[in-house]
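Structure record follows, encoded as structure tokens.
Number of protein chains: 6
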Amino acid sequence: MTAATRPDRRKPDALRCIRFRPKIAPEAAGSVLVESGRTRVICAVSVEESVPRWMREQKVSGGWLTAEYSMLPYSTRERKPRDISKGRLDGRSQEIQRLIGRSLRAVVDLEKLGARTLWVDCDVLQADGGTRTAAITGACVALEFAFHKLLKAKLLAESPLKERVAAVSVGIVNGRALLDLCYAEDKEASVDMNVVMTEGGRFIEVQGSGEEATFTDAELEAMLALARKGVADLLAAQRKTLD
Amino acid sequence: MTAATRPDRRKPDALRCIRFRPKIAPEAAGSVLVESGRTRVICAVSVEESVPRWMREQKVSGGWLTAEYSMLPYSTRERKPRDISKGRLDGRSQEIQRLIGRSLRAVVDLEKLGARTLWVDCDVLQADGGTRTAAITGACVALEFAFHKLLKAKLLAESPLKERVAAVSVGIVNGRALLDLCYAEDKEASVDMNVVMTEGGRFIEVQGSGEEATFTDAELEAMLALARKGVADLLAAQRKTLD
Amino acid sequence: MTAATRPDRRKPDALRCIRFRPKIAPEAAGSVLVESGRTRVICAVSVEESVPRWMREQKVSGGWLTAEYSMLPYSTRERKPRDISKGRLDGRSQEIQRLIGRSLRAVVDLEKLGARTLWVDCDVLQADGGTRTAAITGACVALEFAFHKLLKAKLLAESPLKERVAAVSVGIVNGRALLDLCYAEDKEASVDMNVVMTEGGRFIEVQGSGEEATFTDAELEAMLALARKGVADLLAAQRKTLD
Amino acid sequence: MTAATRPDRRKPDALRCIRFRPKIAPEAAGSVLVESGRTRVICAVSVEESVPRWMREQKVSGGWLTAEYSMLPYSTRERKPRDISKGRLDGRSQEIQRLIGRSLRAVVDLEKLGARTLWVDCDVLQADGGTRTAAITGACVALEFAFHKLLKAKLLAESPLKERVAAVSVGIVNGRALLDLCYAEDKEASVDMNVVMTEGGRFIEVQGSGEEATFTDAELEAMLALARKGVADLLAAQRKTLD
Amino acid sequence: MTAATRPDRRKPDALRCIRFRPKIAPEAAGSVLVESGRTRVICAVSVEESVPRWMREQKVSGGWLTAEYSMLPYSTRERKPRDISKGRLDGRSQEIQRLIGRSLRAVVDLEKLGARTLWVDCDVLQADGGTRTAAITGACVALEFAFHKLLKAKLLAESPLKERVAAVSVGIVNGRALLDLCYAEDKEASVDMNVVMTEGGRFIEVQGSGEEATFTDAELEAMLALARKGVADLLAAQRKTLD
Amino acid sequence: MTAATRPDRRKPDALRCIRFRPKIAPEAAGSVLVESGRTRVICAVSVEESVPRWMREQKVSGGWLTAEYSMLPYSTRERKPRDISKGRLDGRSQEIQRLIGRSLRAVVDLEKLGARTLWVDCDVLQADGGTRTAAITGACVALEFAFHKLLKAKLLAESPLKERVAAVSVGIVNGRALLDLCYAEDKEASVDMNVVMTEGGRFIEVQGSGEEATFTDAELEAMLALARKGVADLLAAQRKTLD
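Chains as they are written, first to last, in the working numbering: chain A, 1 to 243; chain B, 244 to 486; chain C, 487 to 729; chain D, 730 to 972; chain E, 973 to 1215; chain F, 1216 to 1458.
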């Protein structure tokens, strides 16, 4: 890969083609298949009419939102064994599902949700880099579908969604800051950063890390600028689907 | 539910609408989303260029085929916890994936496959009864796609598929034999039977069981007759997709 | 093995010698060591004065019956590692214990049992084919002993056993249908079928499967005929022990 | 229970009735059902023609002997759940199987055994106190049967058994030292001691413990004296079976 | 190692240097780092204001004390993998923590403790033989610190500690009885014995075992004599720290 | 807590008192007890003379470094159950140990390390906020001790440490950016950020997240400025210990 071009000839600040296919899982309260280039993730929201035990025991009012993330075994060229075949969830998946949960809780008013648990499941159907950010961006759409349904059924008086959220990856590849890395780029990147932001332009998460590498203030700033642009474009795509 | 009509007004010997959507998981060697009424199952075949340890140790020649079955958490109205959250695969899923594996091995020439393992993954996206039989019927299609690909890539000289296979459920509901039960019917059924057959009209599996009920020779015969008709219709649908 | 004779010179429609040795486990409410040729299984019924959580939560009345099946490590020539050493029950054992449970629940009036759980444990002491069917046939005897005890202790007013049950294996070996396969025959069989029937001649379970083989209608019919004869003989043997 | 008499009117220095029933598990290389009063344990020895990985890696010559202990679920009045249902072996069982293994290894010449593993399985069929000591006493008999078989098959040139071993429990109940406690006595005991000794009158294990109690030198001495007598009687019973 | 001298030139009846460093874990109710030569164990007591479920269910009055023992991975020259990386506690650790728990319960008046659970955690920081006995000796000190704190906070009216407890290992090395074995001696020992005693000179536990070896009455007596002396010296060291 | 003062009256840009106590675990190749205010973490480095399986299989040259993180049960006021008692490592601990591993690998030349694995164990003895950053800062010191030892033993020709690393937490509490949060502050923080930096002033990790809150560019900048100052102070403290 030369420094000059990206595998799909995108500009450094261009997103991959993003698409939301609603109702992929009709039994869920809300669901969407989000496609970002060749990355495809099923996002589905289920509603449980109770709250976790720790909330009942500590008498915390309102509801809860929890996320689960998994890569389907056929999402990668070389088949990825199921979590259950190893008897435990791997560390990467746990980290990702905790990130998804925190990101969505930041934009949901758990008090307005009432004594319910929202389960947000993100299953990767095809993995080509950026699955965790696609999951967050897609889950926001599925969540809004679920709230529409609950509002229509008069189970909610008002939407608990405070504002929309989207996420994108950025990185330094061959010394250049790039937006929305595909897998081939991700493997070459010296720094990898995931940024989760709200419609209002505020950060929810900033996670940058150099595996066997480090980065400067200037590189951090360049990546954050790309991320801001990318998130704005993703929010526009969400609006087209939802409005 | 009265004895006279079925929830979707089907005749006793009618299948639900069956449809195969290819390439649901592009990283797999072959994949299909099979839809049987409201039941939807992702079937994907991955190829591993090695065989299980027991085959190497026992110096068994040829290849192997193994199946895994799982219900995605949002496939049911009430969310189904993931296997990993309980730390183990439940008995029902194990039984089903063993059945799928046996059914497909009966029509695959493992010698012609060469020293490879075929992983057949069946993930239920929406569950409305008959998920195990839909999985077998769909997996046969995914398998044929995978063999096409291997043949095209000259990795196989000849297709290892000896003949096609399809499966259907039958049951006794309110004293009447019915073909292809949906979930509402399945819950009412006194006897539930799954039949797996080849194109050549031979049985691979016949599994009939009465939970807290029993059945007569005549009822067994009536169910087998319906199954034969259902399998023939499924094989015709497969042909339309594959030929 | 030639097609003409069976390892122990039995006729195609002959059972192995069947024997029930009561009180093998005196702490159980009812127990028996069932011997079918060289296959030997401990069947023991324990009574728990409560019902599973799901019954209490769903307010289901009556009692429950659940079965557990295990092969003792020294039941086979090559020692079989304990389930616990692998940390999980293997798929085959789970499938068998679900079959035993279903078969017995079909002949027990759970309402008459009252708010109790019957635990039916089947531990294989020596394995020479047909352990699951011997387990069902023996468990029926152990169950009846347990009911005698509960009736005598006035804990039950009436026996919850609706009718007796017995089970037998049949198969196609070298093109011939045979009754009650021993291990050497089972390994050669192209089709293996287990049939569970009641005293009244009704089916509870019919499970036929060809591993890497298939079977015709005529073969299915021949196997069912042998199974009917075998079950009748087993019921006669049970009567001799119990009456 | 008064201080003066034992539940079965035994003298303080009397064993319960001891009996060895050979060939309880015919597939094992050697097996015996040992009965000590109402306590009954299946002891079976299997031979594996290889050694554990750590021996191969550390290039230790000779063979190995390992023991596994389990209580069958119907061995107690109140059913004891299987280890597998809790997913792990409980601490007590682990402790006991380590004791059995150590005790037998002390009398087996592992060098003479050759590159083999002996698996000694002890499954409690009925539990009335003293199951671990009965297991050791019975396992010694099963081991000798297994060695006879290996010698006869010319797989061994010489028996690896250096001398016989037997084990017995002693305790302080209501201030009195008693030999071979049954369960009712064990529950009342302030001190419980297990002693494993060889034919030559040497100790292999001495394990005395006071749960919520303590004991003096004199009590220790009294218990050891009873244990010596008990072991001598057990060795005599073994001789009657074996010679 | 010649028979005449010990690695650190100690006399056969001499303890290693013993030291107690209080407050190693300030969040615990009582804690101490016990050092016995090069063996170092963190002993910490935590108080939970409730009792285990089995006590509540069986309506047992008073409190409970339970111990957990673990070797930190860097306590040995060759790193010891954590229990969690194998998914289960190994048999040796379970046996040791059961021993620590029993030993301490023998000197604690659980009735006076009230409806509380004492958690005694023993983590080995450096292992050079005798970790289990150091853990018991140190835990007694940590326990007394915890009781001081509870008394001072008026949560207890009276100390539940009935008397102090200490433990020491003894063994037969090259035919000679030795007190307080270090790791190099322990590896050479033909017999290994752990003795737990109270201030009042009574035994709580006597556990002697010969791995691939046996021992005589005279050797048992010699080891017990050394143990009595060792425990007396340890109790003196505890007094210096506590009084 | 008013906005004006911190619990320990520190200035917003002041670290807690930091101290390194070497040789806490003498069997390790290098070890240190790092104290940051009331937070205390044992950091120990063990050397294994082999590399993980995946490196051997993929023929990756050089060595590896892996970290494990655990909270000792008595590190918190309310006792924290051990990982092993729940059978699995919790998500938070996994995430932290992955962070520690990545941070250290960024400053270690794995090629120079040779075919070895460095195990970095971080066990929290007392938890008062900032345990993961203290672990990284302390582990760097322990690592350098381990390299000194390997250099002295001529096992390494040159130190694989490219430069030192330190880590610190920052956060937004009541609208104010604060350096090095203690637990009481951490609980009140709307945003929590961990920053890992090298001596050369480059970032290794930047992880900022708002749980149920968001943050602006200006807040991000303010936190990064504090982090830079904190890391510089920590590096100075490391120098005092190491040089």
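Glycine included, each C-beta is placed from N, C-alpha and C at the ideal position.
Query                                                                                                                                        : Result
Option in A:96, A:7, A:88, A:112 with minimal Cα separation from residue 155 of chain A                                                      : A:112
Chain-order list of residues whose beta-carbon lies under 7 Å from that of residue 585 of chain C (same chain, five-residue window excluded) : 618, 691
8 Å Cβ cutoff, residue 1203 of chain E in contact with chain D                                                                               : no
Assigned secondary structure, residue 530 of chain C (DSSP; H/G/I helix, E/B strand, else coil)                                              : strand
CB contact flag (residue 230 of chain A, residue 15 of chain A, <8 Å)                                                                        : yes
Spatial neighbours of residue 1287 of chain F in its chain, beta-carbon cut-off 7 Å, leaving aside the 5 residues before and after           : 1338, 1339, 1340
C-beta atoms of residue 908 of chain D and residue 741 of chain D nearer than 8 Å                                                            : yes
CB contact flag (residue 945 of chain D, residue 858 of chain D, <8 Å)                                                                       : no
Backbone secondary structure at residue 1050 of chain E - three-state DSSP                                                                   : coil
Within-8 Å CB hit, residue 927 of chain E to chain F                                                                                         : For chain E, the structure presents residues 973 to 1215; residue 927 of chain E sits outside this window and is missing.
Under 9 Å from the C-beta of residue 999 of chain E: neighbouring residues of chain D                                                        : Those do not exist, as residue 999 of chain E stays about 27 Å from chain D at its closest Cβ, beyond 9 Å.
Nearest candidate by alpha-carbon position, reference residue 527 of chain C, set C:607, C:638, C:503, C:516                                 : C:607
Closer than 8 Å to chain B by CB, residue 183 of chain A                                                                                     : no
8 Å contact criterion, which residue 700 of chain C and residue 349 of chain B should meet: CB distance rounded                              : 6 Å
Bridge partners - residue 923 of chain D, DSSP secondary structure assignment                                                                : D:898, D:936
Residue 396 of chain B burial status per 10 Å Cβ neighbour count (16 or more: buried)                                                        : exposed
C-beta contact flag for residue 32 of chain A and residue 141 of chain A at 8 Å                                                              : yes
Amino acids of chain F, ordered along the chain, whose beta-carbon sits closer than 8 Å to that of residue 1061 of chain E                   : 1299
Cβ-based burial, residue 1424 of chain F [other Cβ within 10 Å; buried from 16]                                                              : buried
Cβ pair residue 927 of chain D, residue 749 of chain D closer than 8 Å                                                                       : no
Within-8 Å CB hit, residue 1115 of chain E to chain D                                                                                        : no
C-alpha distance - residue 798 of chain D paired with residue 1157 of chain E, whole-angstrom precision                                      : 31 Å
Extent of the continuous beta strand (DSSP E) run through residue 662 of chain C                                                             : 662 to 665
Neighbourhood of residue 693 of chain C by C-beta distance below 7 Å, restricted to the same chain and skipping five residues each side      : 679, 680
Neighbour flag for residue 1045 of chain E against chain F, beta carbons, 8 Å                                                                : yes
For residue 874 of chain D, the residue or residues it bridges with in DSSP                                                                  : Per DSSP, none; premise fails for residue 874 of chain D.
Outcome for residue 1015 of chain E when other beta-carbon atoms lying within 10 angstroms are tallied against a minimum of 16               : buried
Three-state secondary structure assigned by DSSP to residue 1057 of chain E                                                                  : helix
Integer Cβ distance of residue 226 of chain A from residue 177 of chain A, believed to fall under 8 Å                                        : 6 Å
Proximity winner among D:805, D:764, D:793, relative to residue 516 of chain C (alpha-carbon distances)                                      : D:805
Anticipated Cβ contact below 8 Å, residue 191 of chain A with residue 171 of chain A, distance rounded                                       : 6 Å
Range of the contiguous beta strand (DSSP E) that encloses residue 496 of chain C                                                            : Residue 496 of chain C -> no beta strand (DSSP E), and no H or E assigned at all.
Residue 1264 of chain F versus residue 1330 of chain F: straight-line alpha-carbon distance, rounded                                         : 7 Å
N-terminal and C-terminal residue of the alpha helix (DSSP H) that residue 840 of chain D is part of                                         : 839 to 842
Min CB distance residue 1458 of chain F to chain E below 8 Å                                                                                 : no
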